[in-house]
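K.L.:
Those letters in the sequence shown? Residues 227 to 564, by this note's numbering.
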Amino acid sequence: MRHFRWVHLALAASTAAIVWSTTAFAATDLRYSIFFPAPHKNSVLAAEWGKEIEKRTKGAVKVTMYYGGTLTSGPLCYDGVAKGISDVGMSVLSYTMGKFPLSEVLDLPLGSRTAVAATRMVNDFYNKFKPKEMDEVQIMYLHAHGPAFVHNKSKVVAKLEDLKGMKIRGTGTTGKIVNYLGATAVGMPMPETYDAISRGVAEGVVCPVEALQGWKLGEVVKQTTQNFGTAYSLSFFVAMNKGKWNSLAPDVRKTIEQVNEEWIVKTGQSWDEIDKSGYEFYQKLGGKITTLSKEEDARWIKAVQPIFDEYVKEKTAKGLPARDALKFCQDRLGQLQK
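(1) Does DSSP classify D313 as helix, strand or coil?
(2) Could you please give the first and the last residue of the uninterrupted alpha helix (DSSP H) stretch that includes R339?
(3) What is the residue span of the alpha helix (DSSP H) that S380 lies within?
(4) If I measure Cβ to Cβ from T254 and keep anything under 6 angstroms in the same chain, skipping five residues before and after, which residues do I get?
(5) Between the beta-carbon of T340 and the beta-carbon of I403, is there less than 8 angstroms?
(6) Just checking my contact of D501 with P434 at CB under 8 angstroms: how many whole Å lie between their CB atoms?
(7) Nearest CA to the CA of V447: which residue from V432, Y458 and A272?
(8) If I'm right that I533 touches F463 with Cβ under 8 angstroms, what's the distance once you round it to whole angstroms?
(9) Report the rounded CA-to-CA distance for G504 versus L443, giving the unit in angstroms.
(10) How would you label D222, buried or exposed, when you count the other beta carbons within 10 angstroms and need 16 or more for buried?
(11) Going straight from the alpha carbon of A343 to that of K356, what length do you get?
(12) Just reading off the beta strand (DSSP E) that A411 is part of, what are its end residues?
(13) Would you kindly work out how many angstroms separate the C-alpha atoms of L328 and L546, rounded to a whole number?
(14) Starting from the C-beta of T516, find all residues in its chain whose C-beta is less than 8 angstroms away, skip the five residues before and the five after it, and write them out in chain order.
(15) Touch check for the segment 298 to 312 and the segment 251 to 271: three-plus C-beta pairs under 8 angstroms?
(16) Any heavy atom of the ligand COA closer than 7 angstroms to the CB of A409?
(17) What separation, rounded to the nearest whole angstrom, lies between the Cα atoms of N199 and V348?
(18) Cβ of Y304 within 8 angstroms of Cβ of A551?
(19) Rounding to the nearest angstrom, what Cα-Cα distance links T400 and L336 in this structure?
(20) Can we say the segment 273 to 286 touches the segment 477 to 485, given the rule of at least three CB pairs closer than 8 angstroms?
(21) Return helix, strand or coil for S519, following the three-state DSSP convention.
(22) Going by C-alpha distance, which of K553, K492, S380 and R257 is nearest A370?
(23) So what does DSSP say about W374, is it helix, strand or coil?
(24) Can you tell me whether L297 is helix, strand or coil according to DSSP?
(25) Taking Cβ positions, are L368 and L386 nearer each other than 8 angstroms?
(26) For L332, decide whether its Cβ has a neighbour in chain C, counting only Cβ atoms nearer than 8 angstroms.
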């Protein structure tokens with residue numbers, strides 16, 4: 227009888243060990259929402275981020291991609307992550323204007339020259355200021371596209387006066403930039419821009435060069451003005467649901483943080499690479515490029531100064547360190563672009 231009791235206890239202990247082992251090593255599946263289509267370089271990099279995490283955690287964490295906004299659209303992505311509709315998400319900070327007031331500084335015409343520099347700067351900004359406006363989620367990393375230039379259908383734009391009266395697509399902060407430069411901002415979603423320029427509803431657009439290929443805008447615009455001094459770079463976030471992040475083991479979180487640091491570099495480089503591809507696509511179609519002189523660039527910088535003044539005034543009134551944030555971004559970007 228005693229023999230059977232020991233056998234029974236041994237079997238129970240063995241079963242418990244198996245159950246514990248299965249539970250301990252069950253993979254965590256993260257649902258990643260991204261509005262870019264699957265073939266886009268950002269989607270490819272996001273998927274590689276997931277695979278790298280799965281590899282380094284030895285399968286403890288797996289990532290399932292939901293491309294093209296199929297889980298949450300771009301504007302709803304951040305709230306989707308915060309509420310647990312998705313576990314991870316990538317989108318644009320300015321898609322929800324007003325939600326990230328201090329971070330709006332990142333999209334101002336700071337004079338971006340490369341995505342590598344802009345991406346490093348936006349992460350340095352986040353690490354320094356740790357904006358409470360992003361506390362609902364766990365930020366993995368931020369990134370920014372290459373410099374956004376003025377592109378138009380047919381006119382050589384070499385000075386401010388050339389822009390006067392032109393209808394240029396621009397929304398939000400971009401629309402303000404367009405208006406202060408003397409053109410007239412025409413608001414519309416990016417997917418409608420191609421047809422709008424084709425039909426004459428708009429004469430041009432402000433966007434990074436990669437969009438000339440990615441959105442096929444190089445087929446309808448033939449003149450590009452490189453206004454480096456007033457170029458902006460939109461900022462993107464990659465965020466994880468806070469509850470999901472806190473549920474991960476400390477060693478897993480550390481591994482993900484290491485991968486995040488590597489992807490800051492990779493993503494900045496990727497944006498610059500697709501800009502290069504955009505240039506090649508555009509020039510093969512006969513697109514022409516005009517670079518502003520140093521003197522003219524200075525005139526454009528002066529023209530958009532009210533945007534910076536408005537940012538500082540409005541955000542300071544809300545109790546935010548707007549002046550410090552602006553100075554930090556300008557100084558840091560300048561250092562990175564020397």
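For glycine and all other residues, C-beta sits at the position ideal for the given N, C-alpha and C.
P.N.:
Once the coordinates are examined:
(1) For the purposes of this step, residue 313 is identified with residue 87 of the sequence shown, where counting begins at 1. It is coil, neither helix nor strand.
(2) On the sequence shown, residue 339 is found 113 positions in, with the first residue counted as 1. Note, R339: premise wrong, no alpha helix (DSSP H); not H, not E.
(3) Residue 380 sits at position 154 when you count from the first residue of the sequence shown. Careful: S380 lies outside any alpha helix (DSSP H) and carries neither H nor E.
(4) For the purposes of this step, residue 254 is identified with residue 28 of the sequence shown, where counting begins at 1. The answer, listed in chain order, is V287.
(5) The residue given as residue 340 occupies position 114 in the sequence shown. The residue given as residue 403 occupies position 177 in the sequence shown. Cβ atoms of T340 and I403: not closer than 8 angstroms.
(6) Taking the first residue of the sequence shown as position 1, residue 501 is located at position 275. Taking the first residue of the sequence shown as position 1, residue 434 is located at position 208. In this structure D501 touches P434 by the C-beta definition: roughly 6 angstroms separates them, less than 8 angstroms.
(7) The count along the sequence shown starts at 1 and reaches residue 447 at position 221. Comparing alpha-carbon positions, the option among V432, Y458 and A272 lying closest to V447 turns out to be V432.
(8) As a first step, residue 533 is located in the sequence shown; it is residue number 307 there, counting from the start. As a first step, residue 463 is located in the sequence shown; it is residue number 237 there, counting from the start. Wrong, their Cβ atoms sit about 22 angstroms apart, outside the cutoff.
(9) Translated into the one-based positions of the sequence shown, residue 504 becomes position 278. Translated into the one-based positions of the sequence shown, residue 443 becomes position 217. Looking at the two C-alpha atoms, the distance is approximately 10 angstroms.
(10) The structure shown does not extend to residue 222, since the chain spans only 227 to 564, so no value can be given for it.
(11) Working through the sequence shown from its first residue, we reach residue 343 at position 117. Working through the sequence shown from its first residue, we reach residue 356 at position 130. When rounded, the distance between both Cα atoms is 19 angstroms.
(12) Counted from its first residue, the sequence shown places residue 411 at position 185. Counting along the chain, the beta strand (DSSP E) containing A411 begins and ends at T410 to V412.
(13) Taking the sequence shown and counting its residues from 1, the one referred to as residue 328 is at position 102. Taking the sequence shown and counting its residues from 1, the one referred to as residue 546 is at position 320. About 7 angstroms.
(14) Looking up residue 516 in the sequence shown gives position 290. Excluding sequence neighbours, T516 sits near V382, V383, A384, Q449, T450, T451 and Q452.
(15) Yes, since at least three Cβ pairs between the segment 298 to 312 and the segment 251 to 271 fall closer than 8 angstroms, the two stretches touch.
(16) The ligand COA is absent from the structure shown, which contains no ligand whatsoever.
(17) This structure cannot settle anything about residue 199, because the visible part of the chain is limited to 227 through 564.
(18) Taking the sequence shown and counting its residues from 1, one reaches residue 304 at position 78. Taking the sequence shown and counting its residues from 1, one reaches residue 551 at position 325. Between Y304 and A551, the gap from beta carbon to beta carbon reaches 8 angstroms or more.
(19) In the sequence shown, the residue the question calls residue 400 occupies position 174. In the sequence shown, the residue the question calls residue 336 occupies position 110. Distance between the alpha carbons of T400 and L336 is about 12 angstroms.
(20) Yes, the segment 273 to 286 touches the segment 477 to 485.
(21) Here residue 519 corresponds to residue number 293 of the sequence shown, with the count starting at 1. Three-state DSSP puts S519 in coil, outside helix and strand.
(22) Within the sequence shown, the letter at position 144 stands for residue 370. Of the listed residues, the one whose Cα sits closest to A370 is K492.
(23) Here residue 374 corresponds to residue number 148 of the sequence shown, with the count starting at 1. Looking at the sequence provided, one finds Ala at residue 374 rather than Trp. Residue state, collapsed to three classes: strand.
(24) For the purposes of this step, residue 297 is taken as the residue at position 71 of the sequence shown. The DSSP-derived three-state label of L297 is coil.
(25) In the sequence shown, counting from the first residue as 1, residue 368 sits at position 142. In the sequence shown, counting from the first residue as 1, residue 386 sits at position 160. In this structure, L368 sits away from L386, with a CB-CB distance that is not shorter than 8 angstroms.
(26) Reference to chain C is not applicable here, since this structure consists of a single protein chain.
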